[in-house]
Amino acid sequence: MTQWLKLLNDQQRKLIFGNEQSTDPATAYDKKRAVHAGVKGDSVPADQVQTVWQREMEQSLPAPEDACVYINIPFCQSKCTYCGFFKNLADPAKIADYTTALIEEIAQTSSSPMIDQTRIRAVYIGGGTPGTLNAAQIAQLLTAINRHLPLANDCEITFETRTHDLGGDKLQACIEHGVNRFSLGVQSFDTRSRRSIGRIDSGSAVINNIQRMLALKQASVSIDLIFGLPHQSIDTYLEDIVIADQLGVDGMALYQLNVFEGGRMDKSISAGRSIAVPKTAEQFHYHQAAYNLLTDMGYHQLSMSHWVQGTLDRSIYNRFSKLGKIIHAFGAGAGGRTGHYRYFVHPSVVAYLEKINQGNKPLMGMTEKIQMTTLHDFISGQIDGGKLRFDIARKRFNIDLKQIYAPLLASWEQRGLAAAGERTLRLLPAGQFWYVNMNQALLDILEIILTNGAYELPQERVAAQG
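For what it's worth, our numbering labels the leading residue of the sequence shown as -15, then goes sequentially.
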């Protein structure tokens, strides 16, 4: 069951095991391998994409399935220096045309069995910055969502934005039309750090806006914080967490800064226009300090990045996306899943509008799910929750993951990253920092076994900080 070890060359072994001789968890791996763990499937030929899509949409489900919806708003008021997802600066005329087309896209596909026979447990309106829509457009979009999509009674509807973009009229439009969760890209309350990454508001302005939202008591409020920012020490990062706690937010998602190779921040640092940011090994200590603080405060984890206190912030979309649930995707640049395929909506707003006007789903492409997708989704969903249940995998998939992974688990245990019991692998606090690499390693091993070593291990360029 461990013959896969013999199929690895030195480079592959290092990607999977990391630095095996290191006794310091901060250097267990060199750096982050990917934004999200995963294995790509085979692409559907371009001339077959629409046919395959139509066939999938007409598939009847044997029973109603839980699903979620992702809606992309690909506009921003400004470009943050760290962002790898920026597409378009906000333009009122383009946004008006886009909103009309987006509502049409939702209406065009809503009656298909693949959508109609699911129960949508979460809607996530992300981007980009959804707050670039005006109040009337927000109301129109939410009205279309409620009219055309089979929302479950307890559907969590999230509106993601920056506090700067959500004035009183927009906030009211969200509340009046069903938004019950706000996800705010705060990143930091420290004004100096915020300005260094291109954020507009001061820390005090962000605090005032969050207080205004919380005072309504109409929706849960979750914020994103990033560690490893320019001008950010561990102490100022912990102060961000303390401020969020004192404000009374319902949840906070803590993310490691990714410096995309060749991106705006990477180029600025390389040219000496920006100060260097903490390297990956230094980021580890930010993570551990935050883990200790939040644990001491009584917070608990919904995932490896998301901390909550109380029960209002359920973060259903994020959890479902890791579990491999069906995702109905709408809007330029959105990505979704059917029962058998992953699909990607064209990122160009111009191309998107043309396809919608032609009455077609504006797909950029589709990939067929691989042979072990269901097992991969199980593993990724489990690891995102900080564990891996060997007993459930054995019962559901007839596979002994504990035996297959034995050499890797022994290495992780020796280095303080994980603890393996009879039924469950648990990620220790040190391992939680490296969970994406560890998750990817588990998937890699299965693919190496399946392909008898022909599988090429993925490595994205997302950690240019070193």
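Even glycine gets a Cβ: it sits at the ideal position worked out from N, Cα and C.
The structure displayed is predicted, hence computed values, not measured ones.
Express the C-alpha separation of residue j and residue i in angstroms, rounding to a whole number.
i      : j       : result
Ala10  : His360  : 27 Å
Cys52  : Ile141  : 10 Å
Pro331 : Ala316  : 5 Å
Glu4   : Gln(-4) : 13 Å
Ser217 : Leu278  : 17 Å
Glu49  : Lys309  : 9 Å
Ile90  : His312  : 10 Å
Tyr13  : Lys(-2) : 8 Å
Tyr108 : Asp138  : 14 Å
Leu426 : Leu385  : 9 Å
Tyr66  : Leu73   : 16 Å
His20  : Pro46   : 31 Å
Gly2   : Gln240  : 19 Å
Ser252 : Glu266  : 20 Å
Leu307 : Lys16   : 21 Å
Leu126 : Asn341  : 21 Å
Lys63  : Leu155  : 23 Å
Thr295 : Leu198  : 15 Å
Taking the beta carbon of residue i as the centre, do at least 16 other beta carbons fall within 10 Å, making it buried, or is it exposed?
i      : result
Glu431 : buried
Asn436 : exposed
Leu200 : exposed
Leu337 : buried
Met440 : The identity of residue 440 in the sequence shown is Glu, whereas the question assumes Met. Counting Cβ neighbours within 10 Å, Glu440 comes out exposed, since fewer than 16 surround it.
Arg303 : buried
Arg407 : exposed
Val170 : buried
Val446 : buried
Ala120 : exposed
Met281 : exposed
For residue i, which residues in the same chain have their Cβ closer than 7 Å to its Cβ, ignoring the five residues on either side in sequence?
i      : result
Asp149 : Gln61, Thr113, Gly115, Thr116
Phe173 : Gly187, Val190, Ile191, Asp224, Ile227
Gln43  : Pro97, Met98, Gly323
Ala157 : Ala119, Ile122, Ala123
Gln195 : Leu231
Under 6 Å Cβ to Cβ from residue i, same chain only, skipping five residues before and after it: list those, please.
i      : result
Asp470 : For the chain, the structure presents residues -15 to 450; residue 470 sits outside this window and is missing.
Gln449 : Val243, Val261, Lys263
Ile55  : Ile109, Phe314, Gly315
Arg178 : Ser172
Leu135 : Ile104
Val33  : Leu347, Met350
Arg248 : Thr65
Ala318 : Tyr54, Asn56, Val329
Leu393 : Ala404
Please return the same chain residues whose Cβ sits closer than 8 Å to the Cβ of residue i, not counting the five positions on each side in sequence.
i      : result
Ala274 : Phe211, Tyr221, Leu222, Ile225, Leu238
Phe381 : Thr358, Leu359, Phe362
Gln124 : Thr83, Ile87
His215 : Asp174, Arg176, Ser177, Ser180, Ile259
Which residues share a DSSP beta bridge with residue i?
i      : result
Ile210 : Tyr239
Gln171 : Leu209
Glu140 : Ala106
Gly319 : Phe328
Thr145 : Leu168
Glu352 : Asp26, Tyr325
Tyr204 : As written in the sequence, residue 204 is Ser, which differs from the Tyr given in the question. According to DSSP, which records beta bridges pairwise, Ser204 is partnered with Arg165.
Inspect the CB distances between the stretch 88 to 99 and the stretch 284 to 296 and report whether three or more fall short of 8 Å. The stretch 88 to 99, when compared against the stretch 284 to 296, does not touch it at the 8 Å Cβ threshold.
For the stretch 221 to 236 against the stretch 192 to 208, are there 3 or more C-beta pairs whose distance is under 8 Å? Segments in contact, yes.
Given 8 Å, three or more beta-carbon pairs between the stretch 3 to 17 and the stretch 393 to 400: Yes: the two stretches touch, three or more of their Cβ pairs being nearer than 8 Å.
Please confirm if the stretch 122 to 137 is in contact with the stretch 157 to 176, defined as three or more CB-CB distances below 8 Å between the two stretches. Output reads yes: the stretch 157 to 176 touches the stretch 122 to 137.
Quick one: any contact between the stretch 403 to 415 and the stretch 361 to 372, if contact means 3 or more CB pairs under 8 Å? Segments in contact, yes.
Is it a yes or a no for the stretch 249 to 268 touching the stretch 101 to 113, going by three-plus beta-carbon pairs under 8 Å? No: fewer than three Cβ pairs fall under 8 Å.
Any contact between the stretch 345 to 358 and the stretch 312 to 328? By contact I mean 3 or more CB pairs, one from each, below 8 Å. The stretch 345 to 358, when compared against the stretch 312 to 328, does touch it at the 8 Å Cβ threshold.
Taking contact to mean at least 3 C-beta pairs separated by less than 8 Å, is the stretch 72 to 90 in contact with the stretch 24 to 44? The stretch 72 to 90 makes no contact with the stretch 24 to 44, as fewer than three CB pairs between them are under 8 Å.
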